[in-house]
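To start, the structure under review is shown below, and the notes come after it.
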Amino acid sequence: MNIEEFREYCLSLKGVHEKMPFPNVPDKYSQDVLCFYVASKWFCFVNIEVFDFCCIKCAPDKREELQATYSGIKPGWHMNKKHWISVYFNQDVPDKEIKELVKKSYDIVAKSLTKKEQEALANSEE
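Heads up, the numbering used here is the position in the sequence shown plus 292, with the first residue counted as 1.
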């Protein structure tokens with residue numbers, strides 16, 4: 293998978309928009325981070341220049357199992373290690389599994405939206 297395919301997949305999920313929220317930070321790596329949001333909350337981010345991993349939300353009870361199964365899944369970079377994981381591309385995590393994990397992250401975040409945000413999402417265009 294490459295950055296274009298990954299970005300296209302993330303944007304295919306209902307109500308998703310993207311933003312690069314850190315253009316003015318001194319760290320070049322962080323400047324190149326692209327975040328994917330559902331409503332006002334992000335569910336995934338990736339560095340568009342390096343494209344080494346994505347950071348996504350994960351159910352705490354699944355995190356340890358995933359890390360034990362794949363060497364390419366680590367604790368979330370710069371995020372709460374209980375709720376976020378970093379999934380490395382081009383390692384032992386199949387692209388299909390990465391997409392499933394991104395979708396699960398999206399679902400976790402969508403369920404945490406306010407009732408008003410959930411209604412707006414339900415009524416948004418595909």
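Built from N, CA and C at the ideal position, the CB exists for glycine as well.
Between the region 311 to 318 and the region 390 to 400, the count of C-beta pairs closer than 8 Å stays below three; the two stretches do not touch. In the DSSP assignment, L305 falls outside any alpha helix (DSSP H) and carries neither an H nor an E. Taken atom to atom, the span from the alpha-carbon of L358 to that of N294 is near 22 Å. Here the alpha carbon of L393 sits roughly 17 Å from the alpha carbon of S404. Comparing alpha-carbon positions, the option among P386, K408 and F381 lying closest to V342 turns out to be F381. Taking the CA atoms as reference points, N415 sits about 19 Å from C302. One thing to note: S332 has its Cβ within 8 Å of the Cβ of E409. With fewer than 16 neighbouring CB atoms inside 10 Å of its own CB, K320 falls in the exposed class. With fewer than 16 other Cβ atoms inside 10 Å of its own Cβ, N316 counts as exposed.
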